[in-house]
Every structure is written in C-alpha cells, then in structure tokens.
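Enquirer: Each residue of the sequence shown is one higher than the one before, starting from 6 at the first, in our numbering.
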Amino acid sequence: MGLLQWLPFVLLLVALLLAPQYLSDFRLSQLGKFLTYAIIAVGLDLIWGYGGMLSLGQGLFFGLGAYGFAMYLKLQASGGKLPDFMFWSGLESLPWFWAPFQNPFIAVVAALVIPALIAGILGYFVFRSRVQGVYFSIITQALTLLTSIWFIGQQAYTGGTNGITNLGGAQLFGKSLLSPEVQHGFYYASVVALTLVYLLTWWMTNARFGRMLVALNANEARVRFLGYDPVMIKTLVFATSAAIAALAGILFVPQVGIISPSSMGVVPSIEMVIWVAIGGRGTLFGAVIGALAVSYARSYFSETYPEIWQYFFGLLFVVGVLFFKAGIVGTLINLFNRLRVRFSNEDLEMSEHGLSYYRAPAKAVSATSSDGGAQ
Numbered sequence: 006m007g008l009l010q011w012l013p014f015v016l017l018l019v020a021l022l023l024a025p026q027y028l029s030d031f032r033l034s035q036l037g038k039f040l041t042y043a044i045i046a047v048g049l050d051l052i053w054g055y056g057g058m059l060s061l062g063q064g065l066f067f068g069l070g071a072y073g074f075a076m077y078l079k080l081q082a083s084g085g086k087l088p089d090f091m092f093w094s095g096l097e098s099l100p101w102f103w104a105p106f107q108n109p110f111i112a113v114v115a116a117l118v119i120p121a122l123i124a125g126i127l128g129y130f131v132f133r134s135r136v137q138g139v140y141f142s143i144i145t146q147a148l149t150l151l152t153s154i155w156f157i158g159q160q161a162y163t164g165g166t167n168g169i170t171n172l173g174g175a176q177l178f179g180k181s182l183l184s185p186e187v188q189h190g191f192y193y194a195s196v197v198a199l200t201l202v203y204l205l206t207w208w209m210t211n212a213r214f215g216r217m218l219v220a221l222n223a224n225e226a227r228v229r230f231l232g233y234d235p236v237m238i239k240t241l242v243f244a245t246s247a248a249i250a251a252l253a254g255i256l257f258v259p260q261v262g263i264i265s266p267s268s269m270g271v272v273p274s275i276e277m278v279i280w281v282a283i284g285g286r287g288t289l290f291g292a293v294i295g296a297l298a299v300s301y302a303r304s305y306f307s308e309t310y311p312e313i314w315q316y317f318f319g320l321l322f323v324v325g326v327l328f329f330k331a332g333i334v335g336t337l338i339n340l341f342n343r344l345r346v347r348f349s350n351e352d353l354e355m356s357e358h359g360l361s362y363y364r365a366p367a368k369a370v371s372a373t374s375s376d377g378g379a380q
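(1) Which whole-angstrom value is the C-beta distance of Gly-262 and Phe-67, which I expect to be below 8 Å?
(2) Do you know offhand how far Pro-120's Cα is from Glu-308's?
(3) Using the C-alpha atoms, what's the distance from Pro-100 back to Ser-83?
(4) For the 8 Å Cβ check, are there 3 or more pairs between the stretch 75-90 and the stretch 237-250?
(5) Within 8 Å (strictly less), CB to CB, does Thr-245 reach chain D?
(6) Taking the beta carbon of Ser-268 as the centre, do at least 16 other beta carbons fall within 10 Å, making it buried, or is it exposed?
(7) Candidates Phe-306, Arg-343, Phe-290, Ala-282: which alpha carbon is nearest Ala-331's?
(8) Give the C-beta separation of Ala-24 and Val-293 to the nearest angstrom, bearing in mind that I take them to be a contact with Cβ-Cβ under 8 Å.
(9) Using C-beta distances below 6 Å, list every residue in its chain close to Thr-288, excluding the 5 sequence neighbours before and after it, in chain order.
(10) Could you tell me which uninterrupted beta strand (DSSP E) segments, each at least 3 residues in length, are contained entirely in the stretch 274-359, listed from first to last along the chain?
(11) With DSSP run on the structure shown, which of helix, strand or coil describes Lys-86?
(12) Cβ atoms of Ile-338 and Val-202: under 8 Å apart, would you say?
(13) Please classify Tyr-55 as buried or exposed, where buried requires at least 16 other C-beta atoms within 10 Å of its C-beta.
(14) Under the three-state reduction of DSSP, which class applies to Ile-263: helix, strand or coil?
(15) Is the Cβ-Cβ distance between Ala-251 and Ala-116 less than 8 Å?
(16) Report the residue ranges of all alpha helix (DSSP H) runs contained in full by the stretch 96-153; include only those spanning at least 4 residues, in chain order.
(17) How is the alpha helix (DSSP H) around Leu-40 delimited, first residue to last?
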C-alpha cells in the first residue's frame, strides 16, 4: 500500500483525533457510535469484499458483544442488587451465567470470544459442507433471526424486548459512566480500535493469507487442488469478522447506554451490508466511509425531516446502488485510475511527437527511447 493510498485514512484519523475540541458532548457521543459502525463494516468487508462470503449475521455478533459488556455495566449500575428487570420478572437471585460478568476483564473476554467461537463452529460445519453463496447468507440470517427472537422471549435474563437499559449508574475507573471524562475515553478507544482493526484487516488482505482468500473467492477448487484447506481459511476469516463485530458492540454500549434485540436482528445486519456496498466493497477505507456517511445521513434526515426521512434515506440507497455500483471509494479509485491511464497515454503521445519540453513519465520515456532505437 503506497503512501498515497494511506493518505485518506491518515487524514480521517487526524480529523477524528481533533473532533473532541470542536464537537459538543452529544455530537461526540454520536460520532463515537458511528465509529463502532465503521469497525463492523471493516470486518464485514473482510469476509464479503475479499472473501466473497456475504454474512447477514454480523448484527448477531455485534449484539452478543454488546450484551456481554452491558451485563457488566448493569451489575455495576445495580450496586450489588439484582438488576431491575430480573426483580420485575420474579427472580430472587442472580443467574449463574451472569455471575462471571461481575468482573470487567472476564466480561470483555467473554464478549469477544463467545461470538468468535459461535462463528468458528458454525463456519466450520457450513464450509466443510461446501455451503456457499446465497445459502450461506440464508443460514447466517436465520441464526440471527432465531437468536434475536430467543432474546426477546427471555425477559428475566436478557430484559426481553427492552433489552438492558439504565446503565448510567455504572462506575468505571471511579467515575460515572455518563461523565465527560469516561465518554471521551470511550470515544478515543473507538478511534484506536478502528485504527487497529483497519491495520489488522489490511495486513490480512495484503499478506499471503489475503491472496489465498481472494483466490478462494475466484476459484475455490483450484486453491484446494494446490493443497490449501479452504475450510480453515474461511472459518478463520468468519471468526475474525465476528470478533471484530463483537468489539464494536463492546464499545457501542457505554456510549449509547442501551442494547436490545432490535440492534442485533436481521434489519441491522442488512443495514451493515448497505454500509459496505455504499462505501465500496473490497476497499477497506470504503467500508469506513460507507458506515460513517450512511449513519450521518440517517441522523441528518431523521432530525431535519422527521416525518419523511425514510423516503430520503431510501432514495439515497437507490441512487447509490444504481449510479455508484463500485461504491463511493470504489468509484473514485476507478476514476483516478482512468485519469492516470489517460494522462499517461497523452504524455507518451506528446513525447513521441518530439515535444521535448514536456517531461513524460520514466516508463513512457523508456518505451519511446526503445522505439526510436529500433527504428
């Protein structure tokens, strides 16, 4: 990846680091939420944009990560007492599987490992059966739907339809979760997490592993013939994308203050796909831009046109898909490449006509010199 290709992300990173100086606490918290969406989008782009596996279950992994950390925050906010929704449901003691989440370290590790483990187990059996394409998407969507319905039905243990709420009383590092210091800390944590996830996925897609992943998307039979195991490669990528989504969920909860089944269902999972499609599938930076742009557009339209914002939002998607099939960043890359080829050809043509005052690129000059020598 050349310096020019890194420049957009570096500029975005600088802007994000400077944002707290110019945004209100509300807008900063909103931007922090959007950054967690960008983290999800990068993980989805890894599995879909490069691996060709369209997962409609990222909302599930995001939700599991969010619920895991929300359990710790809820226990903190309850001050050692039974969480309110458990009391209202008639429980008299804390369920055994909630007890480990009183420890923040265990809560974070479990929130990361459990979604990755579920994705790994599911992926292994699905990919071993050579299920791919739309059937893989249907399986992940079905699992997401079933899990969200199950969470809704477990009022006593998950909060049911409302989810886990009223987290403002939690204490982190000796300060209230709602304090500006803690909220700013989670914002910067989101910036750091996005940067690390971006670097990890860039390394994965540019290393030998990434080339095998792209090759699997193009011709899985050939990769298998060469002696590689497609099942393990796909399973690892699926589990990694699930862990990335779970990480986003962990950072989402303290900044938003709530997690419910509506945030982990089929609709959010489809919206995550839209982020990547609008930004540019197969371009990591495009996934980031897509998540930020779509999330901001949704927020703007819902605030400015509260009664008809869904129509504006839908029109945005239609226009984006019809006229920017490669996504925002993908379209810009294609345009840049066409302009570069065009100007390179013009430079070569001018050099061939003897316009010595115009300095052509080195390759063009070499080619021209070779042609002249042959004549």
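Cβ coordinates follow ideal geometry from the N, Cα and C atoms, glycine included.
Expert: The short version:
(1) Actually they do not touch by this definition, with Cβ atoms about 16 Å apart.
(2) If I take the Cα positions, the gap works out to 34 Å.
(3) Distance between the alpha carbons of Ser-83 and Pro-100: 15 Å.
(4) In the pairwise beta carbon analysis, the stretch 75-90 is classified as not touching the stretch 237-250: fewer than three pairs are separated by under 8 Å.
(5) No chain D appears in this structure, which consists of one protein chain only.
(6) Here Ser-268 is buried, its C-beta having at least 16 other C-beta atoms within 10 Å.
(7) Selected option, being the one with the closest Cα: Ala-282.
(8) Val-293 and Ala-24 do not touch by the CB rule: their CB atoms are close to 15 Å apart, not below 8 Å.
(9) If the five residues before and after Thr-288 are omitted, its C-beta is found closer than 6 Å to the C-beta atoms of Val-334, Gly-335, all from its own chain and listed in chain order.
(10) Not a single unbroken stretch of the beta strand (DSSP E) spanning 3 or more residues falls wholly within the stretch 274-359.
(11) The answer is coil: DSSP assigns Lys-86 none of H, G, I, E or B.
(12) Contact: no.
(13) That one is buried.
(14) Ile-263 falls in the coil class under three-state DSSP.
(15) Closer than 8 Å, so yes.
(16) Here the runs fully enclosed are 109-133.
(17) Leu-40 -> alpha helix (DSSP H) spans 30-49.
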